[in-house]
Amino acid sequence: MISRIIAYSFMILLLAAHFSRAGNDIVAGITLLIPLLFFIKQKWVITTMEVIAYLSAIVWLYGAYQYIQIRIATGDDWIRLLVIMGAVALYTAWTGFFLRSPRIRKVYGLDE
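Position in the sequence shown (first residue = 1) + 44 = this note's numbering.
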């Protein structure tokens, strides 16, 4: 269970860095507070965090699309950017799916 929390928290850290790089420091700060929800042992927490992970993957894909458009317009290489941001989006979605483990479901009361 700890490894899943660490993986999710790392995903949140990457997302906060993405928001901070875009100049959204307030959103980045709020994003960093999301892992604190793990301390609330209620059903809605895991569902909410899973949805946040999937929406975050969409944020990464949208950001990749925007950055790729800039790279194409300037004639720069964009394939490497696509691979890196695609991998981050996949990792982000994976952390949401990773929260479905039987142990987490038991701790947060999702098996009831």
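We put the CB at the ideal spot given by N, CA and C, even for glycine.
query	result
Cα-Cα separation, I46 to A61	22 Å
Where M55 falls: helix, strand or coil (DSSP)	helix
For S100 and L59, the rounded distance between their alpha carbons	7 Å
Cβ pair L143, I90 closer than 7 Å	yes
Three CB pairs or more closer than 8 Å across the stretch 73 to 80 and the stretch 108 to 117	no
G140, buried or exposed, once every other Cβ within 10 Å from all chains shown has been counted against 16	buried
Which of helix, strand or coil DSSP assigns to G73	helix
L99: first and last residue of the uninterrupted alpha helix (DSSP H) it sits in	K87 to T118
Presumed contact (8 Å Cβ cut-off) between I56 and I78, rounded CB distance	5 Å
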